[in-house]
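The sequence shown begins at 1 in UniProt numbering and counts up by one.
Cβ atoms here follow ideal geometry from the backbone N, Cα and C, with glycine treated the same way.
Read the structure below first, then the notes.
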Amino acid sequence: MEQWSALAVAKARPAWINLFGVPLNHWNSELFFHMGSAIGETLLIDDETLFKNSLHMGRMLELINHETSCPKQIKVADIREVF
Numbered sequence: 001m002e003q004w005s006a007l008a009v010a011k012a013r014p015a016w017i018n019l020f021g022v023p024l025n026h027w028n029s030e031l032f033f034h035m036g037s038a039i040g041e042t043l044l045i046d047d048e049t050l051f052k053n054s055l056h057m058g059r060m061l062e063l064i065n066h067e068t069s070c071p072k073q074i075k076v077a078d079i080r081e082v083f
């Protein structure tokens, strides 16, 4: 713990990230954690995403370092395709 200061700035902050275009045949928590590692540290995958209740987008809570930029696009490759 550090003493409070008006000049103190958090090094990271949590943010909800929406992921579109994830193929349903790859829709699983392992893939979302993998994609999350390209953004920051995955804190939570939304229940609607985990239980496949809402398949138009995946949603996860990421801890993002404010000194780095968040990618606009993440490419993921498997043996057969890149998406």
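Looking at the strands, I want to know which residues DSSP matches up with residue i.
i, result
"Pro14", "Leu63"
"Ile45", "Met60"
"Leu19", "Gly58"
Does the beta-carbon of residue i have 16 or more other beta-carbons within 10 angstroms, so that it is buried, or is it exposed?
i, result
"Thr49", "buried"
"Gly58", "buried"
"Glu2", "exposed"
"Gly36", "buried"
Assuming residue i and residue j are in contact, meaning their beta carbons sit under 8 Å apart, how far apart are those beta carbons, in whole angstroms?
i, j, result
"Glu67", "Gly40", "Actually they do not touch by this definition, with Cβ atoms about 11 Å apart."
_Cβ contact check for the stretch 4-13 and the stretch 22-33: 3 or more pairs under 8 Å_ = no
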